[in-house]
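If you read the sequence shown in this note's numbering, its first letter stands for residue 157, the second for the next number, and so on.
Don't be surprised by glycine CBs; every beta carbon is placed ideally from N, CA and C.
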Amino acid sequence: MLKSFIEQTINGLQTGSIYALIALGYTMVYGIVKLINFAHGDILMVGAYATLIAVSNGMPLILAIVLSIILCAIMGVVIDFFAYRPIRNAPKISALITAIGMSFLLESLALIIFGANPKVIDQKYIPAFLSNNNKINLGFLSISMLTIFVIVVTSVCMIALNLFIKNTKLGKATRAVSQDTGAAQLMGINVNKTIAITFAIGSGLGALGGALYAIVYPQIEPYMGMLPGLKAFIAAVFGGIGSIPGAMVGGYVLGLIEAYVKGSSLTTWANPIVFGVLILILIFRPNGLFGKNMKEKV
């Protein structure tokens, strides 16, 4: 019983790490432009395909992941420039519809380019130390190096992002724009540049999440970003959308809930329970764990 609980906890941390990475993209964009970027889950899909193409052409896996992060960061900036910036001051519903349309566009393009058949990153492209057979034995328990790799890499990225937001000049500019765009402009902050960098960071983290997801769950197809994207959105809402620590905590909590449910006799109820969590959050704590009540003048 104890062994099973520990195994499911480790699995939950692994899955939760990926959800947290994706949730950070949602929460960063919402925090600065108050936009739910529903195309963000599809950035995960683009990152997975980019990693697959790179390794299939002989590039080492780590370099392939770095390349996919750079590619998706650029894509995030381009999407912001052409899709979101022109409607920055439009009603929120216009931005929401545009985000949904961008999601469908990315999925349709992937379907046209890569086809509907799922693709897999061949094990021969994955370094030996990340093989599923490479495990660390801890007496009664064994943990795969891939699981440790995913948890460590995602944790380092999240800690680095937190330090960047809190301690760098650009991070402070991001927080200033998030709090008051008008005042930030008066202080000489380039708002459009700051927002573009936010999209780049969020999309880069989404690409990393996509690459790791494609390695852990080796199936890549045009709609692979939908479910992880929705779950990451729930994680962001759970933690308090707009809060970076909240997104991280929400991702891990959601991953653990999903792992424990799948490890029980309620396996088929995993997704309904996860989405049920969203309903409960919106009913009892709509601002999330770390969210703040915002007063608006009318």
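Start and end residues, beta strand (DSSP E) containing K322: Residue numbering aside, residue 322 sits at position 166 when the sequence shown is read from its first letter. From DSSP, K322 is part of no beta strand (DSSP E) but of the alpha helix (DSSP H) over M301 to N323.
At 4 residues or longer, what runs of the alpha helix (DSSP H) sit wholly inside the stretch 356–399? 382–395
Would you mind giving the Cβ-Cβ distance between S359 and G232, rounded to the nearest angstrom? I have them listed as a contact below 8 Å. Within the sequence shown, the letter at position 203 stands for residue 359. Within the sequence shown, the letter at position 76 stands for residue 232. The pair is a contact, with the Cβ atoms about 3 Å apart (cut-off 8 Å).
With a cut-off of 8 Å on the beta carbons, I'd call F431 and L410 a contact; round off their distance for me. Reading the sequence shown from its first residue, position 275 is the one you call residue 431. Reading the sequence shown from its first residue, position 254 is the one you call residue 410. Between L410 and F431 the Cβ distance is about 11 Å, and since that is not below 8 Å, they are no contact.
Alpha-carbon spacing of L177 relative to G407, whole angstroms: Looking up residue 177 in the sequence shown gives position 21. Looking up residue 407 in the sequence shown gives position 251. C-alpha separation (whole angstroms): 8 Å.
Check the C-beta distance from L217 over to G365 and give it rounded, since I have them as a contact under 8 Å. Taking the first residue of the sequence shown as position 1, residue 217 is located at position 61. Taking the first residue of the sequence shown as position 1, residue 365 is located at position 209. Their Cβ separation, rounded to whole angstroms, is 15 Å, which puts L217 and G365 out of contact at 8 Å.
By Cβ distance, which residues of its chain are closer than 7 Å to F296, with the 5 residues on each side in sequence left out? In the sequence shown, counting from the first residue as 1, residue 296 sits at position 140. Closer than 7 Å at the Cβ level, and outside the excluded window around F296, lie K159.
What's the C-alpha gap between G197 and T324? The residue you call residue 197 lines up with position 41 of the sequence shown. The residue you call residue 324 lines up with position 168 of the sequence shown. Distance between the alpha carbons of G197 and T324 is about 28 Å.
I'd like to check one pair, S250 with F194: are the Cβ atoms closer than 7 Å? Here residue 194 refers to the residue found at position 38 of the sequence shown. Here residue 250 refers to the residue found at position 94 of the sequence shown. Cβ distance not < 7 Å, so F194 and S250 don't count as in contact.
Give the straight-line distance between the Cα atoms of T423 and Y416, rounded to the nearest whole angstrom. As a working mapping, residue 423 is identified with position 267 in the sequence shown. As a working mapping, residue 416 is identified with position 260 in the sequence shown. Their backbone Cα atoms lie some 9 Å apart in a straight line.
Contacting residues, own chain, Cβ-Cβ under 6 Å from A220 (five flanking each side not counted): The residue you call residue 220 lines up with position 64 of the sequence shown. T207, A210 and V211, listed in sequence order.
Kindly indicate which three-state DSSP category N290 falls into: helix, strand or coil? Counting from one through the sequence shown, the residue named residue 290 turns up at place 134. Correct three-state label for N290: coil.
Can you check whether the CB of L294 is closer than 7 Å to the CB of L180? Here residue 180 corresponds to residue number 24 of the sequence shown, with the count starting at 1. Here residue 294 corresponds to residue number 138 of the sequence shown, with the count starting at 1. In this structure, L294 does not lie closer than 7 Å to L180 by Cβ.
List the residues that DSSP assigns as beta-bridge partners of S298. If you number the sequence shown from 1, residue 298 lands on position 142. S298 pairs with N293.
Cβ atoms of G398 and I187: under 7 Å apart, would you say? For the purposes of this step, residue 187 is identified with residue 31 of the sequence shown, where counting begins at 1. For the purposes of this step, residue 398 is identified with residue 242 of the sequence shown, where counting begins at 1. Just to set this straight, residue 187 is Gly in the shown sequence, not Ile. A contact, by the Cβ cut-off of 7 Å.
May I ask which residues mark the beginning and end of the alpha helix (DSSP H) holding N427? As a first step, residue 427 is located in the sequence shown; it is residue number 271 there, counting from the start. Looking at the DSSP string, the run of the alpha helix (DSSP H) that includes N427 is A426 to F440.
First and last residue of the uninterrupted alpha helix (DSSP H) at V171: Counting from 1 along the sequence shown, the entry for residue 171 is found at position 15. The sequence given here has Thr at residue 171, not Val. That run of the alpha helix (DSSP H) goes L158 to V189.
So the alpha helix (DSSP H) F270 belongs to, where does it begin and stop? Locating residue 270 in the sequence shown gives position 114, counting from the first residue. K248 to F270 is the span of the alpha helix (DSSP H), which, as asked, contains F270.
Among all the DSSP beta bridges, which residues are the ones paired with K275? By one-based count along the sequence shown, residue 275 stands at place 119. According to DSSP, which records beta bridges pairwise, K275 is partnered with I376.
Under 8 Å: do the stretch 237–254 and the stretch 311–321 share three or more Cβ pairs, one atom per stretch? no
If you count every other CB in all the chains shown that lies within 10 Å of the CB of K453, and 16 or more means buried, which is it? As a first step, residue 453 must be located in the sequence shown, where it is residue number 297. Note that K453 scores a pLDDT of 47, beneath 50, so its modelled location is shaky and nothing firm can be said.
For the putative contact between A367 and A204, defined by C-beta atoms under 8 Å, what is the C-beta separation to the nearest angstrom? Numbered from its first residue, the sequence shown carries residue 367 at position 211. Numbered from its first residue, the sequence shown carries residue 204 at position 48. About 6 Å separates the two Cβ atoms, so the contact holds.
DSSP state of L422, grouped into three classes? Along the sequence shown, one-based indexing puts residue 422 at 266. Three-state result, L422: coil.
Is the Cβ-Cβ distance between E414 and P274 less than 7 Å? By one-based count along the sequence shown, residue 414 stands at place 258. By one-based count along the sequence shown, residue 274 stands at place 118. Against a cut-off of 7 Å, the Cβ pair of P274 and E414 comes out as no contact.
Assign I348 to one of three DSSP states: helix, strand, or coil. The residue given as residue 348 occupies position 192 in the sequence shown. It is worth fixing the name first, because residue 348 is Asn in this sequence and not Ile. If DSSP states are grouped into helix, strand and coil, N348 belongs with the helices.
Please state the DSSP three-state secondary structure of K453. As a first step, residue 453 must be located in the sequence shown, where it is residue number 297. Any reading at K453 must be qualified, since the residue scores a pLDDT of 47, below 50, and its modelled position is unreliable; no value is offered.
Range of the contiguous alpha helix (DSSP H) that encloses D236: The sequence position of residue 236 within the sequence shown is 80, counting from 1. Here D236 belongs to no alpha helix (DSSP H), and DSSP marks it neither H nor E.
Alpha-carbon to alpha-carbon, I307 and I321: By 1-based counting over the sequence shown, the position of residue 321 is 165. By 1-based counting over the sequence shown, the position of residue 307 is 151. Cα to Cα, the separation comes out at about 21 Å.
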